[in-house]
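Undergrad: Going by mature numbering (1 follows the signal peptide of the UniProt record, and there is no 0), the letters in the sequence shown line up with residues -21 to -1, 1 to 232, in that order. Before we start, here is the structure in question, set down as structure tokens.
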Amino acid sequence: MQKHKLILFVTFILFNLLALSIQDEGKCTKPPEDESVGQCGGAPNQQKSKYTEKRDTLEMIDFMPSESFWNNHLYHISSGVNNPQYVQALIEIPKGSRAKFEVDEDSGLLKLDRVLYNAIHYPSHYGFIPSTMAGDRDPLDILVLCSEKVPPLTLIDARVIGVIQMIDGDEEDDKIIAVAKDDPKFLEVNDINDVSRHTIQEIEHFFEDYKRRIGVEVVLEKFQGREQAYEIINNALKYYQDLKELRKSQQKK
């Protein structure tokens, strides 16, 4: 009887040892961190592909602005200090104007693009942030709230408070919203929520009416606060620098 129990006990131990051995064989051993192997010892893990970088470079080459853009110094002056909280805005169109002015790439002068309909006028000073590049192949647009009239081609140090994100036709067309940095009227305005509802509606109606009258479909998304605006500005600053470096490297070839 005791001999029979002993045989059963030994058999039980051997069975468990065999089961553990089979289980261990099914596992993979974690490789050293400096070895690039697959999760279970199979094919090596893929390293970061150069294709992504190459694809981005090709897209940037296709997106590259014209030589007229690079030769126009107004696009390349300072974007200001303490970006993205503060920026320097170059004003093309003053508040209340019905004349749509644009900087002419070839001459660097201000060119009259069109005159708006009687009921439509710009609700704020309008221009761009130099040394930036937005998704529409132009410097990043900006609206600056200010209590004083300024002439076209004025530089304004502005405090960023938000952004209105738009789809103009089939392109992204973000508009940064800021206030004149040292304007006492706007000292307490630090975010888009501090702006009166009336002013917000003026901006909304301006872009809706203006685009509709020239036959362009525009989708206005909700106004976003300053944090979203900071991200958009940083991206535009970086994209400008990336394009600038790419152009420089192409010129050396």
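Just so it is clear, CB atoms sit at the ideal spot from N, CA and C, and this is done for glycine as well.
Which partner residues does LYS201 have in the DSSP bridge list?
TA: Paired residue(s): none; LYS201 is not in a bridge.
Undergrad: Closest by CA to PRO63, which one among GLU210, VAL195 and ILE171?
TA: When each option's Cα is compared against that of PRO63, the closest is GLU210.
Undergrad: Who are the Cβ neighbours of LEU222 in its own chain at under 8 Å, not counting the five residues just before and after it?
TA: Closer than 8 Å at Cβ, skipping near neighbours: MET39, PHE42, MET43, PRO44 and MET112.
Undergrad: Who pairs with GLY114 in a beta bridge, going by DSSP?
TA: In DSSP, GLY114 forms no bridge with anything.
Undergrad: Relative to the alpha-carbon of ASN50, which residue among PRO131, LYS79, ASP35 and GLY87 has its alpha-carbon at the smallest distance?
TA: Comparing Cα positions, the closest option is GLY87.
Undergrad: Can you give me the start and stop residues for the beta strand (DSSP E) that GLU81 sits inside?
TA: GLU81 -> beta strand (DSSP E) spans 78 to 82.
Undergrad: Under 8 Å, with one C-beta from each stretch per pair, do the segment 89 to 96 and the segment 146 to 158 reach the 3-pair mark?
TA: Touching, no, given that fewer than three Cβ pairs across the two stretches are closer than 8 Å.
Undergrad: Give me, in chain order, the residues of the same chain whose beta-carbon lies closer than 7 Å to that of GLU32; leave out the 5 immediate sequence neighbours on both sides.
TA: Any answer about GLU32 is weak, because its pLDDT of 41 lies below 50 and its placement is not dependable; what the coordinates show is given next. Cβ neighbours of GLU32 beyond the five flanking positions: none.
Undergrad: Residues in the same chain with beta-carbon distance under 6 Å from GLY204, minus the five sequence neighbours each way, listed in chain order, please.
TA: Same-chain partners within the cutoff: GLY141, ASP170 and ILE171.
Undergrad: Rounded to whole angstroms, what's the CA-CA distance from ARG191 to LYS232? Just pull it up for me.
TA: Each residue's Cα considered, the two are about 46 Å apart.
Undergrad: Between the segment 120 to 136 and the segment 98 to 107, can you find at least three pairs of beta-carbon atoms closer than 8 Å?
TA: Verdict: yes, contact present.
Undergrad: What are the start and end residues of each continuous beta strand (DSSP E) run of 3 or more residues lying completely inside the segment 162 to 210, in chain order?
TA: Runs of the beta strand (DSSP E) inside the segment 162 to 210: 197 to 204.
Undergrad: Taking Cβ positions, are ILE70 and LEU122 nearer each other than 7 Å?
TA: No, they are not a contact pair.
Undergrad: Between which two residues does the beta strand (DSSP E) holding ILE140 run?
TA: Counting along the chain, the beta strand (DSSP E) containing ILE140 begins and ends at 133 to 147.
Undergrad: Would you kindly work out how many angstroms separate the C-alpha atoms of THR178 and SER228, rounded to a whole number?
TA: Distance between the alpha carbons of THR178 and SER228 is about 45 Å.
Undergrad: Looking at the secondary structure, which residues open and close the alpha helix (DSSP H) in which ILE40 lies?
TA: 29 to 42 is the extent of the alpha helix (DSSP H) around ILE40.
Undergrad: For a quick check, are the C-beta atoms of ARG138 and TYR218 less than 7 Å apart?
TA: No, the pair does not count as a contact, with Cβ atoms beyond the cut-off.
Undergrad: Do you know whose CA, among GLN180, ALA68 and LEU91, lies nearest ARG77's CA?
TA: Here the closest residue by C-alpha is LEU91.
Undergrad: Can you name, in chain order, every residue of its own chain whose Cβ lies under 8 Å from the Cβ of LEU166, other than the five neighbours on each side?
TA: There are no such residues.
Undergrad: If you measure between the beta carbons of PRO109 and SER47, is that distance less than 7 Å?
TA: Not closer than 7 Å, so no.
Undergrad: Can you tell which of ASP173, ASP152, VAL174 and PRO73 has its C-alpha closest to the C-alpha of LEU134?
TA: The shortest Cα separation from LEU134 among ASP173, ASP152, VAL174 and PRO73 belongs to PRO73.
Undergrad: Can you tell me whether GLN180 is buried or exposed? The criterion is at least 16 other CB atoms within 10 Å of its CB, across all chains shown.
TA: GLN180 comes out exposed.
Undergrad: Less than 6 Å between C-beta atoms, sequence neighbours within five positions excluded: which residues of the same chain meet that for ASP152?
TA: Once the five neighbours on either side are set aside, the close Cβ partners of ASP152 are ASP115 and MET145.
Undergrad: Using a 10 Å radius around the Cβ and a threshold of 16 neighbouring Cβ atoms, would you call LEU37 buried or exposed?
TA: Label assigned to LEU37: exposed.
Undergrad: How is the alpha helix (DSSP H) around GLU46 delimited, first residue to last?
TA: Unbroken alpha helix (DSSP H) run through GLU46: 46 to 50.
Undergrad: Any idea which residues DSSP pairs GLN67 with across the strands?
TA: BP columns for GLN67 point to ASP136.
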